[in-house]
Amino acid sequence: MGNFYSELLKQSEGKTLEFKQDLSSPKSIMKSLVAFANTAGGKLIVGVTDDRQILGVEDPLLQEERLCSMIADAISPRLVPNIEMITIEEKTLLIAEVFLSGSRPHFLKSQGRENGVYVRLGSTNRQADRELIAELERSVEGISFDEMPMPGLGLDDIDVHAAAQSVREKFHLDEARLQTLKLLVHHQGKLVPSRGAVILFGKNRQELFSDVWVQCGRFTGLTKTDIFDHIELYDHLPMAVDSIMLFLKKHAMRGADLSDIRRKDVWSIPLGILREAVINALVHADYSQRGGPVRIAFFDDRIEIENPGILLPGMTVEDMKQGISKIRNPVIARFFREANLIEQWGTGVPRIFSQAKEQGLDEPVIQEIGMRLRFIVFLANQIHIQEKPITEQVTEQVTEQVIKFLKHLEKSPLGTREAMRRLELTHRPTFLYTYLQPALKSGLVEMTQPDSPRSPTQKYRLTTKGRQWM
Numbered sequence: 001m002g003n004f005y006s007e008l009l010k011q012s013e014g015k016t017l018e019f020k021q022d023l024s025s026p027k028s029i030m031k032s033l034v035a036f037a038n039t040a041g042g043k044l045i046v047g048v049t050d051d052r053q054i055l056g057v058e059d060p061l062l063q064e065e066r067l068c069s070m071i072a073d074a075i076s077p078r079l080v081p082n083i084e085m086i087t088i089e090e091k092t093l094l095i096a097e098v099f100l101s102g103s104r105p106h107f108l109k110s111q112g113r114e115n116g117v118y119v120r121l122g123s124t125n126r127q128a129d130r131e132l133i134a135e136l137e138r139s140v141e142g143i144s145f146d147e148m149p150m151p152g153l154g155l156d157d158i159d160v161h162a163a164a165q166s167v168r169e170k171f172h173l174d175e176a177r178l179q180t181l182k183l184l185v186h187h188q189g190k191l192v193p194s195r196g197a198v199i200l201f202g203k204n205r206q207e208l209f210s211d212v213w214v215q216c217g218r219f220t221g222l223t224k225t226d227i228f229d230h231i232e233l234y235d236h237l238p239m240a241v242d243s244i245m246l247f248l249k250k251h252a253m254r255g256a257d258l259s260d261i262r263r264k265d266v267w268s269i270p271l272g273i274l275r276e277a278v279i280n281a282l283v284h285a286d287y288s289q290r291g292g293p294v295r296i297a298f299f300d301d302r303i304e305i306e307n308p309g310i311l312l313p314g315m316t317v318e319d320m321k322q323g324i325s326k327i328r329n330p331v332i333a334r335f336f337r338e339a340n341l342i343e344q345w346g347t348g349v350p351r352i353f354s355q356a357k358e359q360g361l362d363e364p365v366i367q368e369i370g371m372r373l374r375f376i377v378f379l380a381n382q383i384h385i386q387e388k389p390i391t392e393q394v395t396e397q398v399t400e401q402v403i404k405f406l407k408h409l410e411k412s413p414l415g416t417r418e419a420m421r422r423l424e425l426t427h428r429p430t431f432l433y434t435y436l437q438p439a440l441k442s443g444l445v446e447m448t449q450p451d452s453p454r455s456p457t458q459k460y461r462l463t464t465k466g467r468q469w470m
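In structure tokens form, the structure reads like this:
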């Protein structure tokens, strides 16, 4: 036991470990114990300085009794940690071990339930907001945010056609299957969409969940000081994976491996690793949070994938690396698996780390920043932004979706409604951000009424460049 704690004293403070010199700062100690109980458990070691000098505690039996009294007086619901005394270098330390609590959320009585709940982020304690408190409650009750019903909505509010297209190779998406996937759930005797269904395929998703979108940016250099290019994606979530990867490819460099009979593209960014990280962010984001979408930031030396929501209670970064998985959004995760975007539960993150090692890349980093989770993937070599010839820019921006749009414009200009009908789209943001805007930006399509962009009679036609490209 002594050897175990001797090794523990060599570690840095983190999500499950904190050192205190003495009990002279009771509120700080109580915050840490509350945060441990609400997040992933942890150990508080008393009698050690910040620089790991072992001072011990005087009269340890009295200090143990004092600590127990402080906990009983300060924390609600009742918290009973395991407190023990150990001797190292002839000094006695107090160890208070707290496990993830089934009575969470715990809070400081002096601050009340609304303001006194804390969670552990790295080596700090963070006050929980209303949304996080609600998630702590749901985690105890076994209820997921995306499984909850959306009263007042019906099947017509879901883009079932788009959902069916995603899984068409596996099965027919009828009403029974929609219930099996929990895209439809029972509520007061009626079948209504779940929150997960709306987040995945809601026709009016932005009105109901305004922060469910993806922000992609390419920055010049190593900081966010100068942005070179950016795009906002409002695709249905399964389709957003390819849109994000297209943006990353647009700003990467492509070579060729000719060592085999068939040419093989070689990219300057690790596409497989990035795809896994992107899917992980979309599936595990906390969509109950307000104020921040999923963000993809491409720097010269790294790519950061960031989603709202910290790790679920009981989870640590080390757990993620080892493949231990807790699913925040079972409806979304289940659909991603049926759409062949996820292979097996818990394999994505270990695969990212193993592939990075195989490719000789620096080990990826997972961070809890504020109320968000950040995945950092490092590049083998820095990629500097260069102005490219127009022909190369156009080729990169002409995605499969844009090509389909251009083909429908060959005979005559089309308005938004008619274009969506021909493309078999029902989700307006998907048309705007995945088809129309890239076509306009690349100069392949233009407005028939450029001075009145919002005109109800506005149509779009091929430019000379667009006709040449076709």
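Under the working numbering, the sequence shown has 445 at position 445, and the numbering climbs by one with no breaks.
Positions of the beta carbon are idealized from the N, C-alpha and C atoms, including for glycine.
Those residues which DSSP pairs with residue i across a bridge
i, result
"residue 124", "121"
"residue 478", "Past the boundaries of the shown model lies residue 478; the chain is included only from 1 to 470, so the question cannot be answered."
"residue 193", "184"
"residue 469", "The partner list for residue 469 (beta bridge, DSSP) is empty, contrary to what the question assumes."
"residue 20", "46"
"residue 94", "46 and 85"
"residue 14", "17"
"residue 202", "158"
"residue 374", "306 and 367"
"residue 218", "229 and 298"
"residue 447", "460"
"residue 75", "108"
"residue 414", "460"
Own chain, CB closer than 6 Å to residue i, minus 5 neighbours either side, in chain order
i, result
"residue 385", "220 and 228"
"residue 166", "238 and 339"
"residue 26", "70"
"residue 138", "none"
"residue 468", "none"
"residue 230", "217"
Other residues of its chain near residue i: CB distance less than 7 Å, five sequence neighbours each side excluded
i, result
"residue 277", "305, 352, 375 and 377"
"residue 336", "238, 279, 283 and 342"
"residue 295", "215 and 306"
"residue 518", "Because the chain is modelled from 1 through 470, residue 518 falls outside the range shown and cannot be assessed."
"residue 313", "38, 39, 40, 100, 104, 136 and 139"
Residue i (DSSP reduced to helix, strand or coil)
i, result
"residue 403", "helix"
"residue 149", "strand"
"residue 287", "coil"
"residue 302", "strand"
"residue 339", "coil"
"residue 161", "helix"
"residue 4", "helix"
"residue 460", "strand"
"residue 453", "coil"
"residue 212", "coil"
"residue 43", "strand"
"residue 281", "helix"
"residue 235", "coil"
"residue 388", "At residue 388 the pLDDT is 47, less than 50, meaning the model places this residue with poor confidence and gives no usable figure here."
"residue 393", "At residue 393, the pLDDT of 44 sits below 50, so the modelled position is not reliable; the number obtained from the coordinates is stated separately. In this structure, residue 393 counts as helix in the three-state DSSP scheme."
"residue 109", "coil"
"residue 486", "With the chain running from 1 to 470 in the structure shown, residue 486 is simply not present."
"residue 169", "coil"
"residue 320", "helix"
"residue 425", "coil"
"residue 486", "Given that the chain is displayed from residue 1 to residue 470, the structure contains no residue 486 and the question cannot be resolved."
"residue 246", "helix"
"residue 476", "The structure shown does not extend to residue 476, since the chain spans only 1 to 470, so no value can be given for it."
"residue 327", "coil"
"residue 54", "strand"
"residue 440", "helix"
Cβ-Cβ separation, residue j to residue i (assumed contact under 8 Å), whole Å
i, j, result
"residue 61", "residue 46", "The Cβ separation is near 13 Å, so there is no contact."
"residue 233", "residue 213", "6 Å"
"residue 270", "residue 361", "6 Å"
"residue 309", "residue 349", "Incorrect: roughly 15 Å between the Cβ atoms, too far for contact."
"residue 88", "residue 95", "Contact doesn't hold; Cβ gap of about 11 Å is too wide."
"residue 301", "residue 248", "The pair is not a contact, with the Cβ atoms about 14 Å apart (cut-off 8 Å)."
"residue 371", "residue 132", "7 Å"
"residue 211", "residue 290", "6 Å"
Same chain, Cβ closer than 8 Å to residue i, five either side skipped, listed in chain order
i, result
"residue 194", "146, 147, 148, 149, 150, 182, 183, 184, 185 and 331"
"residue 408", "414, 419, 422 and 423"
"residue 448", "413, 458, 459, 460 and 461"
"residue 188", "151"
"residue 268", "252, 253, 254, 255, 379, 380, 381 and 383"
"residue 241", "275, 278, 279, 282 and 341"
Under 8 Å, with one C-beta from each stretch per pair, do the segment 49-58 and the segment 104-123 reach the 3-pair mark?
no
With three or more beta-carbon pairs closer than 8 Å as the criterion, would you say the segment 121-128 touches the segment 153-172?
no
For the pair the segment 122-140 and the segment 66-86, tell me if three or more CB-CB distances fall below 8 Å.
no
Evaluate contact between the segment 15-22 and the segment 106-114, counting only Cβ atoms and requiring at least three cross-stretch pairs below 8 Å.
no
State whether the segment 460-467 contacts the segment 438-452, with contact taken as three or more CB pairs (one from each stretch) at a distance under 8 Å.
yes
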